[in-house]
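Enquirer: Next up is a structure, given as structure tokens.
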Amino acid sequence: MLHLLLRHFTLLLGSTLLIGFIGVAWIGPTQMKYEPEKVSRNTYERPSKDYPFGTDKFGRDIQTRVVHATQLDLRIAFTVALISFAVGSVIGAIVGYYGDWLDAIVMRGVDVLFAFPSFLLAMVITGVLGDSERNVITAVTIAYIPYFVRLTRGQMLTVRTLPYADAAISIGNPSWRVALIHLLPNTLAPSLVQMSMVAGWAILDTAGLAFLGLGITSPTAEWGVMISEGAQRITTGEWWMWLYPGAALVLAAFAFNLIGDGLRNLLQQ
Amino acid sequence: MTTTPDTGATDQSPSLWLSFWAILRSNPLFRYLLRRLGLAVLALVGVIGVAFFLTSVLPGNPAVVRAGPLANEERIERYEREMGLDRPLVVQFADYVVHLAQGDLGESWSSRQPAQDELRARIPATVELGIVAFGLTLAISLPLGILAAVYQGTIIDWVIRLFATFGASVALFWLALIGIHLFYYEWDIAPPPLDRLTIGTEEPPSVTGLFTIDSLLAGDIKTCRDALNHLWLPAMTLALVVSAPMTKMIRSAMLETLDKDFIRTARAVGLPPRTIILVDALRSAFIPVLTTSGIVFGYLVAGNVIVERVFSWAGVGQYVWQALDANNLNAVRGFILLIAVVYIVLNLVIDLLYSLLDPRIRLN
Amino acid sequence: MDMTEPLLALENLSVTITDNRGQSKPILQGVSFEIYPNEVMGLVGESGSGKSMTALAIMGLLPRRAKPQSGHIWFNGHDLLTLSKREWYAVRGSQLAMIFQNPRAALNPLMRVGQQVARVVRLHQSLKKRAAYEKALDLLQQVGIPDSQTRARAYPHQLSGGMAQRVLIAMMLACQPRLLIADEPTTGLDVTIQAQIFELIKTIQAEFGTTLLLITHDLGVVSEVCQRVAVMQDGKIQEVATVGELFAHPQHPYTQHLMNTLLRVDRPTNSRA
Ligand SMILES: Nc1ncnc2c1ncn2[C@@H]1O[C@H](COP(=O)(O)OP(=O)(O)O)[C@@H](O)[C@H]1O
Ligand SMILES: [Mg+2]
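Chains as they are written, first to last, in our numbering: chain Z, 27 to 295; chain H, -6 to 357; chain V, 1180 to 1452.
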């Protein structure tokens, strides 16, 4: 009983957190007293009533920036998860369905990509493409496409042997149609779990790249950028500069991971 | 990898060579390794190609960077010629591969030193950090993973899994900042996050390149303590984050093993739980965990880039970050190749370990 | 026989199992029977009737999701259901031991079989490592493993199913339990090997006077090896009788049905020399 309760608790906690974040992203910015990129004379202010999370070296309000960044970071996470899923699973479905040399070639390519830690892959690609929101989305997406290719292909290989694939072909459906329309939906459940995980990783990667000065850059209000600005003051004790954006980032990633874990448990039954 | 009989040997005794070859070929383990080695070389060729062309389309012009902000057209063009950037990409690639075959990664464009020398100089710092972090990772994740599996479904399991999920969500750089703030700024237990030794401390004479070991070899306890002092916080940070996936992997491998028939036998003859868990189950669980060590390696390397940045640790990760920033293509390519080679070698070693650990593989 | 105290007595034992959705279903319902010292008791019933669960309940090795709901398992004047984890480890092996079906999977695949027997020897008889290994070799020889020196160095996957079961029986000999449970010890083995294994079990039982609970499909074996039989269906004991009675006058309709089906299926086994 305890086990059951705790299992669903995971999913519940994750969803609640995520809904909270979406709420903040949606209405948060309109509730703020300040502008995210507006400089002021009150630099390096400790958290106070005027500035609940303190201010940074340009006197910008950290709370305002954290709230504004929520929208940007969530947008990137969702976009990466959706596109890498869409592209990856279509490739995986086709490859898994037709098999043969196509499968051999694509999967070797996937192996090569897997041989490279996804964060480093995203790092190099961002370096290639240059700094912008679109480029960082592209880079991180490319890094996670292989996950969906591999997943969907594996699913497809098992689903393909099931009787209804034959049935669908025997009533005259062209085989590509069978692959995409009849079989793909069956592989959706595990992909959903993967998407949730990828969204969490994407948010961490994006912030990590920004922290290294790649992708999203100052003065944009983004969690990784803010943490990076805070890191410059690490030896002088202005902890509020990095603590709050970091906490937001970690909680957001935690939400996605909890949802992924919870969904996986739900589907495993 | 096809060790075709070379000329010297063939002249004398072709049949001897051939029969030797035939014996080797008939050994299944050897055949398997040969095939794996072939695939590894193929993967490496792929990585070289991808690494080269990917980095070659970097937007910035390295010649411009090198020529400096005040350079005129003429100077930039001269640099382009000097660096070979005016040639077609395919020619550049061929040139790169030829040099690579001689162990030459090309010139690091920021320092004009050979890139392989610079990389080599940076490797020990990364290795030292990586090894200590990996050791700590095991020290954290083994007990946690085993506990969670043994107490599956209880509150212990649940807390450990929550820790693992949370650990997978913690941004490494944020955790590092918390560590530095607390241990350096607040409590003054750790040194400032500036490289591997206190400024002004002389590096121990290089044998392994690992400061802790080299200083001990030189009998210099003080430097060794200083090196350890600088090492523990970054290593601990890295280990905490890498422990998260590792704990999950150990837990699920242990769960799977604990469900096996032979565990039931061990319990039915009254073997104590300690033996069953630590000898029977853990040894079997080690095999699936080994499969995932590629992932763990990935986490460690990617983590290193960030940790080295936060702690100004003069390792490979910091090097590639600087190289990316400066459009230093040869250095970036060298880094990519280094990671790929280590990863591929790691996988081969894992394969060998498998056959050592699992008698079922050893024989067929 | 009825005069003596039973060695083991199941009294109204009920066990339920809970699936992942939290729904529980009964797998044993009010199971009661006794086993007397030195006897060979048979437990028969269709597959899925709860024979293995009964055995695992006695051993305290029920799957995590299965929980005893009521009843007692009396052994040596103690109710096994009330034992603590620690107390269990003093009972298993030395008092109660069990061999399973699928013997190859029941051995640790990463350990040489001689080593596996030897460590059980060491556990139950305080011997030095070397001496325990010698003893293990003896035991392997006793259970009819030819060339036991060499075989002891084999890994389980290098042995046939019959050989693996012999190794497991050697382990049981090392334990010298008061009650040995054999759960379909020959399922999946060749017919001739089956006969040999039963022969071995019979010999050992006679020699050491071990009390044996033999779970099987094979009524032919029951008639040869067992003194008394319990018949199980759907988690309930339908009938307990001596072998003579059971074959002469099966009381329960289910027993009659069982005898019709099982005897017919197992005819080839019966016709052995
Ligand atoms: N892990 C399990 N989960 C759910 N039900 C189980 C499990 N194992 C056994 N059962 C159920 O318990 C009952 C008894 O099984 P078992 O004792 O193995 O039968 P037998 O040994 O007589 O063939 C069966 O109905 C089976 O469906
Ligand atoms: Mg059974």
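Using N, Cα and C, we set each Cβ at its ideal position, and we do this for glycine too.
1. Run through the DSSP bridge pairs and tell me what V:GLY1221 is partnered with.
2. What alpha helix (DSSP H) runs, 4 residues minimum, are completely inside the segment 14 to 71 of chain H?
3. If we define contact as Cβ-Cβ less than 7 Å, is H:THR258 a contact residue for chain V?
4. Determine which residues share a DSSP beta bridge with V:ARG1271 and list them.
5. Identify every run of the alpha helix (DSSP H) within the segment 216 to 283 of chain Z, keeping only runs that are complete inside it and at least 4 residues long; order them along the chain.
6. For Z:GLU255, does the count of other Cβ atoms within 10 angstroms reach 16, so buried, or fall short, so exposed?
7. Give the straight-line distance between the Cα atoms of V:MET1220 and V:PRO1288, rounded to the nearest whole angstrom.
8. Can you name, in chain order, every residue of its own chain whose Cβ lies under 6 Å from the Cβ of Z:ALA281, other than the five neighbours on each side?
9. Any idea what DSSP makes of V:SER1249, helix, strand or coil?
10. Between which two residues does the beta strand (DSSP E) carrying V:GLN1355 extend?
11. Going by DSSP, what residue range makes up the beta strand (DSSP E) through Z:GLY118?
12. Starting from V:VAL1299, find everything on chain H with Cβ-Cβ shorter than 7 Å and list it in chain order.
13. How would you write the range of the alpha helix (DSSP H) that H:SER208 sits in, first residue to last?
14. Does any C-beta atom of chain Z lie closer than 7 Å to the C-beta of H:LEU26?
15. Grouping DSSP H, G and I as helix and E and B as strand, with all else coil, what is H:LEU251?
16. How far does the beta strand (DSSP E) with V:ASN1191 in it reach, from first residue to last?
17. Please identify the residue among Z:PHE237, Z:PHE140, Z:LEU108 whose C-alpha is closest to the C-alpha of Z:VAL251.
18. If H:PHE176 and H:LEU226 are in contact, beta carbons under 8 Å, what's the gap, nearest whole angstrom?
19. If you pair each beta-carbon of the segment 85 to 99 of chain Z with each one of the segment 242 to 249 of chain Z, do three or more pairs fall below 8 Å?
20. Under 6 Å from any heavy atom of ligand 2, does the C-beta of V:SER1263 make it?
21. When you compare only the Cα positions, how much space is there between Z:ARG290 and H:ALA94?
22. In whole angstroms, what is the alpha-carbon distance linking H:TRP102 and H:GLU75?
23. Mind checking whether the beta-carbon of V:GLN1206 lies closer than 6 Å to any heavy atom of ligand 1?
24. Hey, how far is the Cα of H:GLU100 from the Cα of H:LEU330?
25. Please decide whether V:ASN1287 counts as near chain H, where near means a Cβ-Cβ distance under 7 Å.
26. So, helix, strand or coil for V:ALA1361, using DSSP?
27. Who are the near neighbours of V:ALA1349 in its chain, counting only those whose CB is closer than 8 Å to its CB and skipping five residues on each side?
28. Take Z:VAL136 as the anchor and find which of Z:ILE171, Z:PRO216, Z:LEU146 has the nearest alpha-carbon.
29. At a CB-CB cut-off below 9 Å, which residues of chain H make contact with Z:VAL106?
30. For ligand 4, is there a heavy atom less than 6 Å away from the beta-carbon of V:LYS1415?
31. Mind checking H:ILE173: buried by the 16 CB within 10 Å criterion, or exposed?
32. Have a look at V:GLY1293, V:ARG1407, V:HIS1436 and flag the residue whose alpha-carbon is nearest the alpha-carbon of V:ALA1166.
33. Answer with yes or no whether the minimum CB distance from V:CYS1405 to chain H is below 7 Å.
34. Among V:ASP1362, V:GLN1384, V:GLN1373, V:TRP1253, which one has its Cα closest to the Cα of V:PRO1356?
35. Looking at C-alpha atoms only, which residue of H:LEU26, H:VAL83, H:THR158, H:ARG29 is the closest neighbour of H:LEU233?
36. Just checking, does the segment 1227 to 1245 of chain V make contact with the segment 1275 to 1285 of chain V on the three C-beta pairs under 8 Å criterion?
Expert: According to the structure shown:
1. V:LEU1393, V:VAL1408
2. Within the segment 14 to 71 of chain H, the complete alpha helix (DSSP H) runs of at least 4 residues are 21 to 49, 55 to 60.
3. yes
4. V:LEU1275
5. 249 to 257
6. Counting of Cβ neighbours within 10 angstroms places Z:GLU255 among the buried residues, the total reaching 16 or more.
7. 32 Å
8. GLY40, LEU43, LEU44
9. Correct three-state label for V:SER1249: strand.
10. Careful: V:GLN1355 lies outside any beta strand (DSSP E) and carries neither H nor E.
11. Unbroken run through Z:GLY118 is the alpha helix (DSSP H), 88 to 124; no beta strand (DSSP E).
12. Against V:VAL1299, the close residues of chain H are VAL262, in the order they occur along the chain (beta-carbon pairs closer than 7 Å).
13. For H:SER208, the enclosing alpha helix (DSSP H) starts and ends at 204 to 210.
14. Using a CB distance cut-off of 7 Å, H:LEU26 does not count as an interface residue toward chain Z.
15. helix
16. 1187 to 1197
17. Z:PHE237
18. 6 Å
19. yes
20. no
21. 47 Å
22. 11 Å
23. The sequence shown places Ile at residue 1206 of chain V, rather than the Gln named in the question. The answer is yes for V:ILE1206.
24. 15 Å
25. yes
26. strand
27. Exclusion of the five residues before and after V:ALA1349 leaves VAL1296, ALA1315, LEU1318, LEU1319, GLN1321, VAL1322, ILE1324 as the residues of its chain whose Cβ lies within less than 8 Å of its Cβ.
28. Z:ILE171
29. Residues of chain H passing the Cβ test: none, with the nearest at roughly 16 Å.
30. This structure simply doesn't include ligand 4; it includes ligand 1 and ligand 2 instead.
31. buried
32. Only positions 1180 to 1452 of chain V appear in this structure, which leaves residue 1166 of chain V out of reach.
33. Not a single CB atom of chain H sits nearer than 7 Å to the CB of V:CYS1405.
34. Its Cα nearest to that of V:PRO1356, the residue V:GLN1384 stands out among V:ASP1362, V:GLN1384, V:GLN1373, V:TRP1253.
35. H:THR158
36. yes
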